[in-house]
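Okay, structure first, notes after.
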Amino acid sequence: MDKSGRPRWKKGKDGKDLAALAAAQPMSAIVAKLQASLKGSKLAATLSSGAGDAILGVNPQQAALLSRAAFGRALENAGAGRHWFQLGAEELFYLLHALNCIAVVESASKDNPMSQGELWDRLCSASESFPETYRAYSHLRSKNWVVRSGLQYGADFVAYRHHPALVHSEFAVVVVPEGLGLGGRRGRLNVWSDLLCALRASGSVAKTLLVLTISGDVRELRSPDCLEQLVVHERTVARWIAQQCREQRCEPCGEDEAYKEEQDHAGGTVVFNCWGVMLGFAALSGLLVYKLRFRQ
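Residues 1 to 296 (UniProt numbering) are what the sequence shown spells out, left to right.
Below, the structure written as structure tokens:
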């Protein structure tokens, strides 16, 4: 976001208004089309050995929808009738669990798809923090934010208002587990130095630091059913820079701000006048009492 808090839309070719283009094609509609297309084809992604990512083969129309919805990364070895996408662990489980539009197999030689519980175990074994990172990912995706890896920015994710080709990311997302329910894991931002580093890193790339705290009274993480008990708390953290705030106060204000300042000034004048009347009345009363005593 820019200093005014508005999203930073990229510059389109020939002066094209990318904000209007995004408004005409909302991300919710794109994801719905992708869900319908993948679910009708009954596609299966192949899980990579020893990792949490997977490879999904789709036709050209589905490849265009995957790209528009910003799921996965297109591989260069695409054929004329087949395109291949590499899906991250959170993206893979979201397409299976939340959208229910693909299946997952352990290898290309196996036809039996994995159940959600089996895939959950595999992904949790590959990454201990998968329950909280997936809960954060699905939380943002369900609100129609585009979520990508934030590794290059020192964060867990970055969140875009729409497709990354149209707008810059607005939030650097850090996921923090809280409580013994998540195995007692200590997340990031436990000390002030961690918080300051995260603020510096996000501020230097014009992003707002968004801290998603995942908590809940969860005793077992062996099933995706635990996701319903995990609560997401959203907090944005920003630095207060005295110099910038002072300069912003000196900038010319709009009509509304000028009117507000005028009203505040008028209100202060009324208060000042009231105090003046009260002080004058008190002084006059004291003078009358003094004269009466002097005459006696």
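We put the beta carbon where it would ideally sit given N, CA and C, even for glycine.
These numbers were taken from a predicted model, which means no experiment stands behind them.
Query, Result
"Can you tell which of R235, E178, A24, H168 has its C-alpha closest to the C-alpha of W9?", "H168"
"Please report how far the alpha carbon of S215 lies from the alpha carbon of Y94, in whole angstroms.", "20 angstroms"
"From the DSSP output, read off the bridge partner residues of Y134.", "Bridge partners of Y134: none, in fact."
"How many whole angstroms separate the CB atoms of A126 and L92, which I take to be in contact at a CB cut-off of 8 angstroms?", "Actually they do not touch by this definition, with Cβ atoms about 11 angstroms apart."
"Cα separation between A98 and A242?", "44 angstroms"
"Can you give me the start and stop residues for the alpha helix (DSSP H) that G203 sits inside?", "192 to 204"
"Less than 8 angstroms between the C-beta atoms of A159 and L140, yes or no?", "yes"
"Consult DSSP for E228 and reduce its assignment to one of helix, strand or coil.", "helix"
"Quick one: what does DSSP say I30 is sitting in, helix, strand or coil?", "helix"
"Can you tell me which residues form a DSSP beta bridge with residue 297?", "Any question about residue 297 goes unanswered here, given that the chain covers just 1 to 296."
"In terms of DSSP beta bridges, what is V105 paired with?", "T46"
"When burial is assigned at 16 or more other CB atoms within 10 Å of the CB, is S223 buried or exposed?", "exposed"
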